[in-house]
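Under UniProt numbering, the first residue of the sequence shown carries the number 1, and numbering increases by one thereafter.
C-beta atoms are modelled at their ideal positions from N, C-alpha and C, and glycine is treated no differently.
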Amino acid sequence: MSAFVGALSEAWAELRHHKLRVLLSLIGIAVSVGAIAAVLALGDYMRQSTVEQSDRYGGREATVAISVYRTDGAVVDWDAFDTAVRSAADRFDLEYVTRRTDQLGTGVTVQMQDYVRPVMTRLADADYAVIHRTALLAGRWFDDADSDWLAPPAVVSESLWHALGSPSLDTTAAAGPSPTLELTGVLAGTYRIVGVTPAEWQGDTQKVVTLMPDTYLDRAEALGEGDVLNWEVWVSEDAVDAIGPELAAQLRAAAGPGTEVTVSRSDWGSRPETQQSAQMFEMITGLIAGLVLLLGGLGLVNIQLVAMRQRIREIGVRRSFGATGGRIFTTVLLENVVATAVAGVVGIALAIVTMRVLFAWEVLTPLQENPAFPLRAALIALGAAVGIGAIAGFLPALAAVRAKVIDALRF
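In structure tokens:
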């Protein structure tokens, strides 16, 4: 152990002495290592971004979608089926269950200051925001306590919020009363605005009001013709294959004859091809960074081979004082390994700073769960740096060992 530490210390001293000679190659290696680390970190970011975007449409991984309809043309008993779904979820210890309707066919209008505006109406429960990672521009999503309010809660789209004058959703006493919304038609009444969903794309002008299903059924008493409710249950990824068939069987039994129940996964996890773009990006950019790292290593090999010819006298003197061939080989090899390891640490630090700057300047869109700089990226990048150092140091170390003492002293 002491011999290794001594060789390492000697290699560091030699590196400090010849720092200008290898500086240019080490800069290239540091940049390449930083690129490898940044590529791996960006790959994690792209995966998380894809996951969150997919979750907003299909639900988190292992979301089970449930739909029901009558085969005999009769009307579905929505309340009874909702009770069956929640009872089954309780039996399987599933915490998050939501009903949803993406667009009601029932005409709903909003009373503005001087005219009435038609709006799109959606239905969703409190757990919808968890299952779909719903991001809000202002305010909050529904919660279970909202059902006790005299003025039912409503979540509006950004476009409708601006049309209403962008009222503050501050709930403190100093801010005054909460903003309200007047609906006409079958849902006529006053609703309390609790949240605002951001525009789904640039230029999105859709006017949307999202209500809780119980609110709609209390006001309208029944779904309109052609309107349906769907259910979603968030199941753990490990248990979905076992729970899914049993859940479907129990719901079909509870629904009875004349009713068709469909149970299927709606999340991105059931379609692994959604991750292929991020993997392809990581592979291509990783190969490019690896080629740059290899070129930097070749430059270091050339510099070290030339340097060995200039250090022949030094090596001869050391051999004449008893330095073994193994010690010479280890010292020269470690010079390169230590140099590239230091360059690797600098490159990793550069990659971390770059990622932080990209988030600070909002070049990368902040996510709900921004991934930390991955440890695997740092370890892989540092391992690549040490590996290229060992490869770059092998040939110069071999040349140093093969130099004869008498020839070295005559040089």
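Endpoints, alpha helix (DSSP H) assigned at residue i
i, result
"residue 340", "325 to 360"
"residue 156", "Looking at the DSSP string, residue 156 is not in any alpha helix (DSSP H); the run it does join, the beta strand (DSSP E), is 153 to 157."
"residue 317", "312 to 320"
"residue 95", "Premise fails: residue 95 is in no alpha helix (DSSP H) and is neither H nor E."
"residue 130", "128 to 131"
"residue 87", "78 to 91"
"residue 247", "240 to 255"
Alpha-carbon to alpha-carbon, residue j and residue i
i, j, result
"residue 220", "residue 371", "44 Å"
"residue 96", "residue 139", "21 Å"
"residue 345", "residue 299", "19 Å"
"residue 382", "residue 100", "48 Å"
"residue 349", "residue 331", "27 Å"
"residue 37", "residue 377", "5 Å"
"residue 198", "residue 242", "37 Å"
"residue 190", "residue 143", "18 Å"
"residue 315", "residue 29", "27 Å"
"residue 329", "residue 351", "33 Å"
"residue 400", "residue 387", "20 Å"
"residue 35", "residue 362", "20 Å"
"residue 136", "residue 208", "14 Å"
"residue 69", "residue 233", "18 Å"
"residue 178", "residue 162", "16 Å"
"residue 284", "residue 317", "48 Å"
"residue 402", "residue 380", "33 Å"
"residue 201", "residue 375", "34 Å"
"residue 112", "residue 185", "14 Å"
"residue 385", "residue 132", "41 Å"
"residue 26", "residue 289", "15 Å"
"residue 127", "residue 80", "19 Å"
"residue 114", "residue 157", "20 Å"
"residue 236", "residue 56", "17 Å"
"residue 357", "residue 347", "15 Å"
"residue 222", "residue 60", "30 Å"
"residue 62", "residue 245", "13 Å"
"residue 324", "residue 391", "22 Å"
"residue 227", "residue 77", "13 Å"
"residue 279", "residue 118", "44 Å"
"residue 141", "residue 58", "18 Å"
"residue 173", "residue 187", "Low per-residue confidence applies at residue 173: pLDDT is 45, beneath 50, and the placement is therefore not dependable enough to give any value."
"residue 364", "residue 306", "44 Å"
"residue 168", "residue 193", "10 Å"
"residue 319", "residue 398", "14 Å"
Burial state of residue i (16 or more Cβ within 10 Å)
i, result
"residue 321", "exposed"
"residue 309", "exposed"
"residue 166", "exposed"
"residue 257", "exposed"
"residue 326", "exposed"
"residue 225", "exposed"
"residue 43", "buried"
"residue 32", "buried"
"residue 204", "exposed"
"residue 73", "exposed"
"residue 355", "buried"
"residue 175", "Bear in mind that a pLDDT of 49 at residue 175, under 50, signals an unreliable position, so the model cannot answer this."
"residue 182", "exposed"
"residue 149", "exposed"
"residue 146", "buried"
"residue 293", "buried"
"residue 396", "buried"
"residue 239", "exposed"
"residue 304", "buried"
"residue 211", "buried"
"residue 267", "buried"
"residue 255", "buried"
"residue 82", "buried"
N- and C-terminal bounds of the beta strand (DSSP E) containing residue i
i, result
"residue 389", "Careful: residue 389 lies outside any beta strand (DSSP E), inside the alpha helix (DSSP H) at 375 to 402."
"residue 195", "189 to 197"
"residue 124", "116 to 124"
"residue 208", "208 to 211"
"residue 263", "259 to 265"
"residue 181", "180 to 185"
"residue 111", "108 to 111"
"residue 230", "230 to 234"
Heavy atom of the ligand GDP within 7 Å of residue i beta-carbon
i, result
"residue 286", "Absent from the structure shown: the ligand GDP. Ligands present: none."
Interface flag, residue i vs chain C, CB-CB below 8 Å
i, result
"residue 132", "Among the protein chains of the structure shown there is no chain C, as only one such chain exists."
Would you be able to state if there are at least three C-beta pairs under 8 Å between the region 258 to 265 and the region 93 to 107? Flag = no, the region 93 to 107 and the region 258 to 265 do not touch.
The region 117 to 124 / the region 42 to 57 touching (three or more Cβ pairs under 8 Å): no
Can you find at least 3 beta carbon pairs, one from the region 207 to 222 and one from the region 149 to 157, that sit closer than 8 Å? yes
Under 8 Å, with one C-beta from each stretch per pair, do the region 76 to 95 and the region 244 to 258 reach the 3-pair mark? yes
In chain order, which continuous runs of the beta strand (DSSP E) of length 3 or greater are located wholly inside the region 26 to 66? Fully enclosed beta strand (DSSP E) runs of 3 or longer: not present.
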